[in-house]
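Colleague: Take this structure first; my questions come after.
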Amino acid sequence: MEDLNRRQFLKAAGISATAAGALGLFGCSTGSTATEAAAGIPETWDEEADFVVLGSGTALTGALKAAVGGMSVIVLEKGKQIGGTTALSGGQVWVPCNDFSAEKDDATLAKTYMTKVAAGLSTEAIIDTYIARASEMVNFIAEQTGCEWSVSPRIDYHAQWEGASRDMRSLSCVINGKRSGAHFTQPEAEVITSLGGKIMTETVGKRLVSRITEDGGQEVLGVIAETGGKEIAIKANKGVLVGTGGFSYNEDMLKAYHPIPMKACMCVPESTGDGIRMAQAVGANLTMMPWGWGQVQFKVLSDEYYANKACSTAVSLYAYQTKPGSVFINHQGKRFCDEASDYDSLWFGFQGQFTTGDMELINVPAWYVCDHSVREALADPAKGDVFFGVGLDSDLPEWGYTADTIEELATKIGVDPAALKNQIDKYNQDAANGMDTDFHRGESAFENYNMMNSGPTLGGLTKAPFYAAEIVPAYQGTKGGIQINEFGQALSASSNPIPRLYACGNTTGCGTPGKYYTGAGGTNGPGMVFAYLAAEHASQLEIWA
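According to my numbering, the sequence shown is numbered sequentially starting from 336.
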């Protein structure tokens, strides 16, 4: 096994309020040595800690909370480095009612907004707890690690909904003008190890060790893991927190749960659903499995990066989708969404299929189509020649198409020329009139605020030549997994907490909480909050015997 030292930490890119509410603690059952052996419980343990954490992304916040609270901690990380997808993210954390906003947030408005975002896929208790405890969580990280939080200049993604905010709820830890999840996962890990916690990289959780309780359920006692080519048994005296990420790199799970077949994501390749399957084996219920944190990517690059298991934003259309002079069209030559909306909402626009014939998906794959003004705006050497990865005067990559007319471009990409010409003509007329009559592009507060675009998002495709590239919906990560309650406890199919088992992040079906994206940091925030609360809950338990 390999213990992580400070030199191995991801390099950076450049105190607690009283817990609210009852903890709902549970007791433990005991059994004979013979019974335990028959149930697969090791007679001896290779490692032991009060709190065992699987994964080192948002789950590190739980490990930090446990270590600071006096619990012994072991963190198992499947990869070579700590931080997971969290460390490679922009590092935003969505925190309502935080202490860093110049304007005081309103908890009632935050709840109204979060309830709408949840779309019935969360609970009032989870939402209330998030609002009450999220600020405490980031303050705790600041106090323990020295991380300096600041408000990011962001608007909530669904700015049109009641309770949404601007320049208030998205926080980041900024170093040398850059935001990165490594800016808080690295110092969290350093404090954990300084307090005696152990972080084991290249160590994979294989299964949870459990025993049957008096009511027929399962009580989790530890973890069987693999490191250095051998299996080891790790005893968890108080609890196990599962935060191993989603299942974006598990094709069998994607086929089983997701309506749109895709091999595309922006997360680390260790996201293979291990923690979800381990929890299922001890009776955990799953929820929100059909959903993902959405993005849109260039298909050829997406396929290449997925095959190479590379995590990069280079495949994303984030810098393209807000530019006037551009649209998304399906293989019928028709638009199907407001292209300049937030990326998570945009992902939902790709769903839908025909109800006759071969029942094929209507909008997958699709095409990004733009005029020369977009290339001029993006192919700027000072900005890294963003447009299709080449300079203004360079040849396009083989996956990029260009033509002097829309009809010629349509022929090259296999779309009916008349259909595409009619669509572009209609869109251009709408743009000239200042109103997108099909999808209301350019009207939302989010679009007008979007920091990726300095001007209007609505504009016609009028400047030849024209360009196209095939695009697909993709994941920043899957959104479904282990169902949890407001304490971060994993729940069984009968909605009862599974004793000593906790979960957080994309391993859960918590969401933001719920179905849609709250705003920048809507992925990291819930993972960190419920990891923090899981450690708090486990700290109140007695050591099992």
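Even glycine gets a Cβ: it sits at the ideal position worked out from N, Cα and C.
The beta strand (DSSP E) that contains ASN382, what's its start and end?
Modeller: Sequence index remark: in the sequence shown, residue 382 carries index 47 (1-based). The amino acid at residue 382 is misidentified as Asn; the sequence shows Glu. Taken as a continuous stretch (DSSP letters only), the beta strand (DSSP E) holding GLU382 covers 382-389.
Colleague: Verify whether the separation of the beta carbon atoms of CYS602 and GLY812 is less than 7 Å.
Modeller: By one-based count along the sequence shown, residue 602 stands at place 267. By one-based count along the sequence shown, residue 812 stands at place 477. In contact: CYS602 and GLY812 (Cβ atoms closer than 7 Å).
Colleague: Measure the C-alpha to C-alpha separation of ALA766 and ARG670 and round it to an integer number of angstroms.
Modeller: As a first step, residue 766 is located in the sequence shown; it is residue number 431 there, counting from the start. As a first step, residue 670 is located in the sequence shown; it is residue number 335 there, counting from the start. So the two alpha carbons sit approximately 14 Å from each other.
Colleague: Looking only at its chain, what residues have a beta carbon closer than 6 Å to the beta carbon of ALA745, apart from the 5 residues adjacent to it on each side?
Modeller: Mapped onto the sequence shown, residue 745 falls at position 410. Once the five neighbours on either side are set aside, the close Cβ partners of ALA745 are PRO752, LEU755.
Colleague: By DSSP's criteria, PRO808 is part of a beta bridge. Which residues make up the other side?
Modeller: Residue 808 sits at position 473 when you count from the first residue of the sequence shown. Answer is VAL631, bridged to PRO808.
Colleague: Please classify ALA372: is it buried, with 16 or more other beta-carbons within 10 angstroms of its beta-carbon, or exposed?
Modeller: As a first step, residue 372 must be located in the sequence shown, where it is residue number 37. Low per-residue confidence applies at ALA372: pLDDT is 49, beneath 50, and the placement is therefore not dependable enough to give any value.
Colleague: For the segment 641-670, list the beta strand (DSSP E) runs that are entirely contained and at least 3 residues long, ordered along the chain.
Modeller: Listed in chain order, they are 661-664.
Colleague: Taking Cβ to Cβ, would you say THR847 is nearer than 7 Å to GLY856?
Modeller: Translated into the one-based positions of the sequence shown, residue 847 becomes position 512. Translated into the one-based positions of the sequence shown, residue 856 becomes position 521. No, the Cβ-Cβ distance between THR847 and GLY856 is not below 7 Å.
Colleague: Could you check what DSSP says for ALA866 in three-state terms: helix, strand or coil?
Modeller: By one-based count along the sequence shown, residue 866 stands at place 531. Residue state, collapsed to three classes: helix.
Colleague: Using a threshold of 7 Å, state whether the C-beta atoms of CYS432 and ILE466 are closer than that.
Modeller: For the purposes of this step, residue 432 is taken as the residue at position 97 of the sequence shown. For the purposes of this step, residue 466 is taken as the residue at position 131 of the sequence shown. Going by C-beta atoms, CYS432 is nearer than 7 Å to ILE466.
Colleague: Leaving out five residues on either side along the sequence, give the residues of the same chain with a beta carbon under 8 Å from the beta carbon of ILE878.
Modeller: The residue you call residue 878 lines up with position 543 of the sequence shown. Correct list, in chain order: ASP385, ASN572, LYS573.
Colleague: The beta strand (DSSP E) that contains SER505, what's its start and end?
Modeller: Walking along the sequence shown from the start, residue 505 turns up at place 170. That run of the beta strand (DSSP E) goes 505-510.
Colleague: Just to confirm my understanding: we take SER367, look at its own chain, exclude 5 residues before and 5 after, and list those with CB closer than 6 Å. What are they?
Modeller: The sequence position of residue 367 within the sequence shown is 32, counting from 1. Confidence is the limiting factor: at SER367 the pLDDT is only 45, short of 50, which leaves the residue's position unreliable and the question unanswerable from this model.
Colleague: Spell out the partners DSSP gives CYS600 in its beta bridges.
Modeller: Within the sequence shown, numbered from 1, the residue matching residue 600 stands at position 265. Looking at the DSSP assignment, CYS600 forms a beta bridge with TYR810.
Colleague: For the 8 Å Cβ check, are there 3 or more pairs between the segment 761-775 and the segment 686-697?
Modeller: The answer is no - the segment 686-697 does not touch the segment 761-775, with fewer than three Cβ pairs under 8 Å.
Colleague: In whole angstroms, give me the CA-to-CA distance for GLY684 and PHE663.
Modeller: Position 349 of the sequence shown, counted from the start, is the residue given in the question as residue 684. Position 328 of the sequence shown, counted from the start, is the residue given in the question as residue 663. For GLY684 and PHE663, the distance between alpha carbons rounds to 10 Å.
Colleague: Alpha carbon to alpha carbon, how far is VAL526 from ALA804? Give it in angstroms, no decimals.
Modeller: Your numbering for residue 804 matches position 469 in the sequence shown. Your numbering for residue 526 matches position 191 in the sequence shown. Each residue's alpha carbon lies about 46 Å from the other.
Colleague: Based on the DSSP output, what are the partners of THR622 in its beta bridges?
Modeller: For the purposes of this step, residue 622 is taken as the residue at position 287 of the sequence shown. GLY816.
Colleague: Sort out for me which residues DSSP pairs ARG542 with in a bridge.
Modeller: Here residue 542 refers to the residue found at position 207 when the sequence shown is read from its first residue. ARG542 pairs with ILE559.
Colleague: By how many angstroms is the C-alpha of ALA838 removed from the C-alpha of ALA866?
Modeller: Translated into positions along the sequence shown, residue 866 becomes position 531. Translated into positions along the sequence shown, residue 838 becomes position 503. The straight-line gap from Cα to Cα measures roughly 7 Å.
Colleague: Report back the beta-carbon spacing between LEU681 and GLN656 to the nearest angstrom; my notes put them in contact at under 8 Å.
Modeller: As a working mapping, residue 681 is identified with position 346 in the sequence shown. As a working mapping, residue 656 is identified with position 321 in the sequence shown. With 8 Å as the limit, LEU681 and GLN656 qualify as a contact, their Cβ atoms being about 7 Å apart.
Colleague: Alpha carbon to alpha carbon, what distance is there between LEU589 and GLY425?
Modeller: As a position in the sequence shown, residue 425 is number 90, starting the count at 1. As a position in the sequence shown, residue 589 is number 254, starting the count at 1. Between GLY425 and LEU589, the C-alpha separation is close to 25 Å.
Colleague: Can you list, in chain order, the residues of its chain whose CB lies under 6 Å from that of GLY862, leaving out five sequence neighbours each side?
Modeller: For the purposes of this step, residue 862 is taken as the residue at position 527 of the sequence shown. Excluding positions up to five away in sequence, the list reads THR393, CYS839, GLY840.
Colleague: According to DSSP, ASP677 sits in a beta bridge with which residue or residues?
Modeller: Residue 677 sits at position 342 when you count from the first residue of the sequence shown. Its beta-bridge partners do not exist; DSSP assigns none.
Colleague: Beta-carbon of THR847 versus every beta-carbon of chain B: anything under 7 Å?
Modeller: Here chain B cannot be found, since the structure has a single protein chain.
Colleague: Assign THR464 to buried or exposed, taking buried as 16 or more other Cβ atoms, counted over all protein chains shown, within 10 Å of its Cβ.
Modeller: Residue 464 sits at position 129 when you count from the first residue of the sequence shown. Under this definition THR464 is a buried residue.
Colleague: With a cut-off of 8 Å on the beta carbons, I'd call TRP734 and ILE806 a contact; round off their distance for me.
Modeller: Working through the sequence shown from its first residue, we reach residue 734 at position 399. Working through the sequence shown from its first residue, we reach residue 806 at position 471. Not really, about 10 Å apart at Cβ, beyond 8 Å.
Colleague: Please report the distance separating the alpha-carbon of ALA828 from that of ALA619.
Modeller: Within the sequence shown, the letter at position 493 stands for residue 828. Within the sequence shown, the letter at position 284 stands for residue 619. Going by the C-alpha atoms only, they are around 6 Å apart.
Colleague: To which residues of the same chain is THR740 closer than 8 Å at the C-beta, ignoring the five residues directly before and after it?
Modeller: In the sequence shown, the residue the question calls residue 740 occupies position 405. ALA799, PHE801, listed in sequence order.
Colleague: Cα separation between VAL709 and GLY660?
Modeller: One-based indexing of the sequence shown puts residue 709 at position 374. One-based indexing of the sequence shown puts residue 660 at position 325. Between VAL709 and GLY660, the C-alpha separation is close to 6 Å.
Colleague: So, at 7 Å on beta carbons, what are the nonlocal neighbours of ILE376 in its own chain, with the 5 sequence-adjacent residues on each side left out?
Modeller: Translated into the one-based positions of the sequence shown, residue 376 becomes position 41. Correct list, in chain order: VAL544, ARG546, LEU556.
Colleague: If you drop the 5 nearest sequence neighbours on each side, which residues of the same chain put their C-beta closer than 6 Å to that of LEU652?
Modeller: Here residue 652 refers to the residue found at position 317 of the sequence shown. Contacts found: VAL631.
Colleague: On the CB-based measure, 16 or more other CB atoms within 10 Å of its CB, does GLY749 come out buried or exposed?
Modeller: Residue mapping note: residue 749 aligns to position 414 of the sequence shown, counting from 1. Counting Cβ neighbours within 10 Å, GLY749 comes out exposed, since fewer than 16 surround it.
Colleague: In three-state terms, what does DSSP make of TYR802?
Modeller: By one-based count along the sequence shown, residue 802 stands at place 467. Looking at TYR802 - three-state DSSP - the assignment turns out to be strand.
Colleague: Give every residue of the same chain whose Cβ lies closer than 7 Å to the Cβ of SER470, excluding the five residues on either side of it in the sequence, and list them in chain order.
Modeller: For the purposes of this step, residue 470 is identified with residue 135 of the sequence shown, where counting begins at 1. Within the same chain, SER470 has close Cβ partners VAL430, CYS432, ASN433, ASP434.
Colleague: How many Å lie between ALA616 and ALA560 at the Cα?
Modeller: The residue given as residue 616 occupies position 281 in the sequence shown. The residue given as residue 560 occupies position 225 in the sequence shown. Roughly 15 Å separates the two Cα atoms.
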